[in-house]
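Let me begin by presenting the structure, written as structure tokens, before commenting on it.
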DNA sequence: ACGACGCCCTAA
DNA sequence: TCAGTTAGGGCGTCGT
């Protein structure tokens with residue numbers, strides 16, 4: 001089949017991009033994608049060349065410049081130097097030369113060399129991103145190209161033309177088209193950059209593979225494995241047994257045949273992938289072909305000597321598998337749900353409480369070798385279940401669609417949305433804008449961290465139950481300030497150089513040029529994102545009104561991705577290493593923010609209004625409501641109902657009028673909520689309240705209820721106490737607490753409701769897989785480290801960063817004794833705990849709150865009763 | 001008993 | 001998770 005005979009055209013979503021150096025010179029981008037039509041595509045994209053940009057430092061003389069340029073020109077890594085262009089850089093506006101280079105990999109050494117004489121910019125941008133930056137593309141695009149190869153899942157008329165072709169011949173024609181051989185994708189096309197067109201985002205029909213291993217507890221071997229392929233919602237299950245080589249080769253064949261875009265599983269980053277990596281390496285000896293048979297999971301060719309199909313983990317925790325995205329369901333669930341415990345069972349119970357069949361515990365994971373020997377069929381069933389669950393988890397938390405939306409909004413490959421960092425998302429938008437606006441792209445900054453900057457203002461709060469509160473907050477405070485004050489590394493100037501007019505001077509002395517002098521890149525980008533979010537919200541509402549829930553959901557993900565992205569800006573620009581920032585930017589943003597909130601607080605206090613609390617961008621103010629109006633929500637028709645409604649309306653109107661009054665350009669104050677009552681025990685960042693507008697709701701911040709390292713009994717006790725307190729039933733609240741404490745002392749509680757869980761760090765020894773806890777100053781003084789060690793001794797999985805559950809068994813000694821919680825995994829019934837410790841913890845936490853009503857920790861612990869709380873109410 | 005310190009987790 | 005930030009609460013250990 002001659003190259004160019006057949007053309008394929010369609011919409012795709014790019015998963016991952018790499019590049020292939022051409023032996024005759026030049027570089028071809030290799031983009032792996034999923035077509036809207038359902039098949040996978042590899043695109044060999046021609047027409048981009050790696051480059052860096054240079055400019056002369058101030059002291060360079062013009063006559064020396066030519067000879068300097070000649071020196072660059074004769075460097076064998078340099079292909080050509082373009083005509084100079086005036087670009088803005090921190091040293092001022094000046095000519096910059098784009099220097100094309102032979103291959104991306106020469107850039108690091110070349111830039112070091114050039115830096116001796118030149119200001120070197122655009123010199124640390126990963127080459128594959130150039131496709132998106134230079135052509136201003138997002139992951140969803142329309143593409144056309146000549147078909148080089150097609151397999152059976154490609155469109156029928158194309159696939160049939162390639163039936164029975166000789167694979168060696170095909171591999172050759174792919175290499176001639178710029179690729180490296182037979183990719184695992186359904187279709188391989190060749191195109192030029194002019195063949196790629198931006199398109200509206202659409203829901204790409206990704207294919208997902210989820211897998212799970214069962215491994216020996218006594219050695220590092222793999223006993224069996226399972227994999228499920230999800231293609232357009234249709235799931236097919238596979239199991240693998242036999243010797244390890246057969247198991248691994250079987251999984252690899254399935255991945256190459258099914259060609260999934262996404263690989264998932266539970267804790268695969270830290271467990272399954274490293275285990276396969278290690279076993280494949282052990283079993284293959286030095287045979288690279290054998291290694292690829294067992295672990296050649298990438299989309300790259302596995303014949304021809306290249307090892308690029310092999311998954312790899314650079315310095316980071318994250319795995320990269322060429323052409324695919326690795327999404328660990330553990331990590332996604334952890335960040336989305338912040339669950340109290342992180343085991344697959346626990347997360348499944350959290351998400352699917354009505355489906356106990358998903359987590360029936362009939363296998364003891366700590367005795368896997370015996371289980372496998374005695375009941376292999378059940379172990380396999382268990383294994384399959386653990387491959388289905390990760391897919392259901394990703395679905396339930398909308399992880400895949402959320403990342404696709406983020407990729408679309410940040411305009412980068414799907415894989416980069418999944419595995420990238422906040423600064424990479426912002427880079428993707430900033431670099432293309434800077435290029436367009438003739439601003440040089442500085443390198444990522446290195447060197448020592450500067451001193452910490454001052455953050456937001458947190459107002460002191462008095463303890464007590466504060467009736468009738470209006471909550472106001474500044475809308476998108478940091479982004480708004482950045483827009484309003486034209487904050488950008490291109491507009492910041494030293495105050496002494498500031499022009500006399502149209503300058504913004506922050507309270508901490510940082511100056512920014514106004515728009516008449518120069519319009520900042522960052523404010524423009526934020527403005528565009530704000531407008532984009534509004535558009536998506538409107539599209540969402542339109543779809544919802546038409547009862548098109550699928551489309552509404554699609555726009556909801558997009559608007560949410562914009563929100564996430566916008567909220568990331570401040571942190572990235574306040575960091576010390578980000579390429580497009582300056583030392584002073586972060587501190588100036590927070591200085592303006594403090595000035596805004598303090599301004600409102602001071603004004604109100606000068607008018608004798610009571611500001612109860614405020615944190616960074618929020619203000620809690622007492623509304624002018626008679627103090628004898630009850631804050632408890634009365635039933636409709638109850639005698640107090642009328643005065644309650646009046647108080648609520650008064651609070652709402654009060655809040656709305658304040659919002660209107662204090663809103664100014666770049667600082668829009670919004671009325672957020674009306675509270676019938678707000679409680680504080682006097683500590684910042686901890687409060688709860690009864691929301692009565694816009695909806696009735698219990699608001700809790702900071703308290704143990706919100707913390708993943710609390711225990712169920714305390715959390716439940718606290719929640720019900722809050723409800724009682726807000727209902728005016730403080731006597732009953734105290735009685736309940738005291739009763740509970742007595743029950744705990746009598747061991748009349750379920751131990752699983754006493755499990756405390758905290759995340760535990762550690763470093764894995766690459767050689768023997770052991771875990772080293774020396775990151776801690778005193779590891780044996782920390783209960784969760786002791787628990788992690790116990791898990792490991794038991795043969796249970798522990799990976800650094802994981803949360804570890806434990807029961808305190810004796811707190812009279814120091815350090816206290818604990819036992820790791822393993823009932824979920826081993827089935828062993830655990831009953832040992834220290835009742836006094838738990839009684840004390842409950843009393844301490846609840847005492848802080850009841851103390852406000854005259855009951856301190858000690859009194860909660862004591863048996864005697866004397867209730868006269870109501871005097872307080 | 002008390003304060004310094006290490007550590008985790010949360011609010012924003 | 002070679003790269004978002006600071007403010008703040010609270011628990012536990014250790015040394016005095």
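Numbering (this note's numbering), first residue to last: 1 to 873.
Positions of the beta carbon are idealized from the N, C-alpha and C atoms, including for glycine.
Is the stretch 201-218 in contact with the stretch 30-46, if contact means three or more CB pairs nearer than 8 Å?
yes
Given a cut-off of 7 Å on the beta-carbon distance, is the pair residue 741 and residue 843 in contact?
Numbered from 1 along the first chain, position 741 holds the residue referred to as residue 741. Numbered from 1 along the first chain, position 843 holds the residue referred to as residue 843. Against a cut-off of 7 Å, the Cβ pair of residue 843 and residue 741 comes out as a contact.
Helix, strand or coil at residue 80 according to DSSP, with G and I counted as helix
Here residue 80 corresponds to residue number 80 of the first chain, with the count starting at 1. Here residue 80 sits in strand by DSSP.
Leaving aside the five residues before and after residue 226 along the sequence, list all residues of the same chain whose C-beta is less than 6 Å from its C-beta, in chain order.
Reading the first chain from its first residue, position 226 is the one you call residue 226. Around residue 226: 212, 239, 383, 384 and 387.
Can the beta-carbon of residue 263 be found closer than 7 Å to that of residue 302?
Your numbering for residue 263 matches position 263 in the first chain. Your numbering for residue 302 matches position 302 in the first chain. Against a cut-off of 7 Å, the Cβ pair of residue 302 and residue 263 comes out as no contact.
Out of 680, 750, 494 and 510, which has the shortest C-alpha to C-alpha gap to residue 91?
Counting from 1 along the first chain, the entry for residue 91 is found at position 91. Comparing Cα-Cα distances from residue 91 to each of 680, 750, 494 and 510, the minimum goes to 494.
What separation, rounded to the nearest whole angstrom, lies between the Cα atoms of residue 794 and residue 217?
By 1-based counting over the first chain, the position of residue 794 is 794. By 1-based counting over the first chain, the position of residue 217 is 217. Those two C-alpha atoms are separated by around 9 Å.
List in chain order: all unbroken beta strand (DSSP E) runs of 3+ residues lying wholly within the stretch 426-509.
464-474 and 503-505
Exposure label - residue 365; buried when at least 16 CB within 10 Å:
Counting from one through the first chain, the residue named residue 365 turns up at place 365. Under this definition residue 365 is a buried residue.
If you run the structure through DSSP and keep just helix, strand and coil, what is residue 870?
For the purposes of this step, residue 870 is taken as residue 870 along the first chain, with counting starting at 1. Confidence at residue 870 is low in this model, with a pLDDT of 41, below 50, so its placement is unreliable and the value that follows should be read with caution. Residue 870: helix per DSSP, three-state reduction.
Pick from 599, 50 and 492: whose alpha carbon is nearest that of residue 583?
Looking up residue 583 in the first chain gives position 583. The candidate whose alpha carbon is nearest that of residue 583 is 492.
If you draw a straight line from the C-alpha of residue 565 to the C-alpha of residue 58, how long is it?
Along the first chain, one-based indexing puts residue 565 at 565. Along the first chain, one-based indexing puts residue 58 at 58. One C-alpha to the other measures close to 37 Å.
Rounded to whole angstroms, what is the Cα-Cα separation between residue 288 and residue 251?
On the first chain, position 288 is the one that residue 288 refers to. On the first chain, position 251 is the one that residue 251 refers to. Straight-line Cα distance between these residues: approximately 17 Å.
Looking at the secondary structure, which residues open and close the alpha helix (DSSP H) in which residue 835 lies?
Along the first chain, read from residue 1 onward, the residue named residue 835 stands at position 835. Looking at the DSSP string, the run of the alpha helix (DSSP H) that includes residue 835 is 835-850.
Can you tell which of 151, 269, 306 and 319 has the C-alpha that lies nearest to the C-alpha of residue 329?
The residue you call residue 329 lines up with position 329 of the first chain. Ranking the options by Cα distance to residue 329, first place goes to 269.
To which residues of the same chain is residue 681 closer than 8 Å at the C-beta, ignoring the five residues directly before and after it?
The residue given as residue 681 occupies position 681 in the first chain. The answer, listed in chain order, is 463, 848, 849, 851 and 852.
Using the beta-carbon count (16 or more within 10 Å), is residue 444 buried or exposed?
Locating residue 444 in the first chain gives position 444, counting from the first residue. Per the 10 Å Cβ criterion, exposed.
Same chain, Cβ closer than 6 Å to residue 192, five either side skipped, listed in chain order:
Stepping through the first chain from its first residue, residue 192 is reached at position 192. Hits under 6 Å: 46 and 47.
Out of 420, 223 and 589, state which residue places its alpha-carbon closest to the alpha-carbon of residue 374.
If you number the first chain from 1, residue 374 lands on position 374. It is 223.
Following the continuous beta strand (DSSP E) through residue 701, name the residue where it begins and the one where it ends.
For the purposes of this step, residue 701 is taken as residue 701 along the first chain, with counting starting at 1. From DSSP, the beta strand (DSSP E) with residue 701 extends over 697-701.
Quick one: is residue 867 buried, meaning 16 or more other Cβ sit within 10 Å of its Cβ, or exposed?
To locate residue 867, count along the first chain from 1; it is residue 867. Per-residue confidence for residue 867 stands at a pLDDT of 47, beneath the threshold of 50, marking its modelled position as unreliable; no derived number is given.
Suppose contacts are defined by Cβ-Cβ distances below 7 Å. Is residue 559 in contact with residue 524 by that definition?
Walking along the first chain from the start, residue 559 turns up at place 559. Walking along the first chain from the start, residue 524 turns up at place 524. Cβ atoms of residue 559 and residue 524: not closer than 7 Å.
What are the boundary residues of the beta strand (DSSP E) that includes residue 20?
Along the first chain, one-based indexing puts residue 20 at 20. Taken as a continuous stretch (DSSP letters only), the beta strand (DSSP E) holding residue 20 covers 7-21.
Helix, strand or coil: which one does DSSP assign to residue 810?
In the first chain, counting from the first residue as 1, residue 810 sits at position 810. It is a strand residue.
Reducing DSSP to helix, strand and coil, say where residue 356 ends up.
Translated into the one-based positions of the first chain, residue 356 becomes position 356. In this structure, residue 356 counts as helix in the three-state DSSP scheme.
Using C-beta distances below 7 Å, list every residue in its chain close to residue 590, excluding the 5 sequence neighbours before and after it, in chain order.
As a position in the first chain, residue 590 is number 590, starting the count at 1. For residue 590, where only same-chain residues beyond five positions count, the Cβ hits under 7 Å are 453, 454, 455 and 456.
Report, in whole angstroms, the separation of the C-beta atoms of residue 439 and residue 87, which I expect to be a contact under 8 Å.
Indexing the first chain from 1 puts residue 439 at position 439. Indexing the first chain from 1 puts residue 87 at position 87. Confirmed, Cβ separation roughly 6 Å.
Residue 109 versus 82, 78 and 98, residue with shortest Cα-Cα distance:
Within the first chain, the letter at position 109 stands for residue 109. Among 82, 78 and 98, the Cα nearest to that of residue 109 belongs to 78.
Rounded to a whole number of angstroms, what is the C-alpha to C-alpha distance between residue 518 and residue 602?
Along the first chain, one-based indexing puts residue 518 at 518. Along the first chain, one-based indexing puts residue 602 at 602. About 34 Å.
State the start and end residues of the unbroken alpha helix (DSSP H) segment that holds residue 830.
By one-based count along the first chain, residue 830 stands at place 830. Neither: residue 830 is in no alpha helix (DSSP H) and is coded neither H nor E.
When burial is assigned at 16 or more other CB atoms within 10 Å of the CB, is residue 416 buried or exposed?
The residue you call residue 416 lines up with position 416 of the first chain. Counting Cβ neighbours within 10 Å, residue 416 comes out buried, since at least 16 surround it.
For residue 742, does the three-state DSSP call read helix, strand or coil?
Stepping through the first chain from its first residue, residue 742 is reached at position 742. Reduced to three states, the DSSP call for residue 742 is helix.
In the structure shown, what three-state DSSP assignment does residue 694 receive?
Translated into the one-based positions of the first chain, residue 694 becomes position 694. Residue 694 falls in the coil class under three-state DSSP.
Determine the burial state of residue 490: buried for a count of at least 16 other Cβ atoms within 10 Å of its Cβ, exposed for fewer.
Residue 490 sits at position 490 when you count from the first residue of the first chain. By the neighbour-count rule (16 or more Cβ atoms within 10 Å), residue 490 is buried.
Roughly how many angstroms separate the alpha carbons of residue 241 and residue 310, rounded to a whole number?
Here residue 241 corresponds to residue number 241 of the first chain, with the count starting at 1. Here residue 310 corresponds to residue number 310 of the first chain, with the count starting at 1. Distance between the alpha carbons of residue 241 and residue 310: 22 Å.
Between residue 612 and residue 696, what straight-line distance do the alpha-carbon atoms span, to the nearest angstrom?
Position 612 of the first chain, counted from the start, is the residue given in the question as residue 612. Position 696 of the first chain, counted from the start, is the residue given in the question as residue 696. Their backbone Cα atoms lie some 21 Å apart in a straight line.
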